[in-house]
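Colleague: Please read through the structure below; I'll follow up with questions.
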Amino acid sequence: LPPAYFRLYRLWFAFGFPAFFAVLTIIWLMIARPVLG
Numbered sequence: 002l003p004p005a006y007f008r009l010y011r012l013w014f015a016f017g018f019p020a021f022f023a024v025l026t027i028i029w030l031m032i033a034r035p036v037l038g
């Protein structure tokens, strides 16, 4: 595999983990509907 593959794989991981938790947080907010403020 070319070196660019591994560089893009690391980028995918670096952006993928925060995005995954952001989606989980949005789903939790839609389900739990916490009272804000």
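If you count by my numbering, then the sequence shown holds residues 2 to 38, one letter each, in order.
Using N, Cα and C, we set each Cβ at its ideal position, and we do this for glycine too.
Owing to the predicted nature of the structure, the values given are computational and were not obtained by experimental measurement.
(1) CA-CA distance, T26 and F14?
(2) Hey, quick one: how far does the alpha helix (DSSP H) through L30 stretch, first residue to last?
(3) Using the C-alpha atoms, what's the distance from F22 back to L12?
(4) Among residues of its own chain, excluding the 5 on either side of P3, which ones have a beta-carbon nearer than 8 Å to its beta-carbon?
Modeller: For this structure:
(1) 18 Å
(2) 4-33
(3) 16 Å
(4) none
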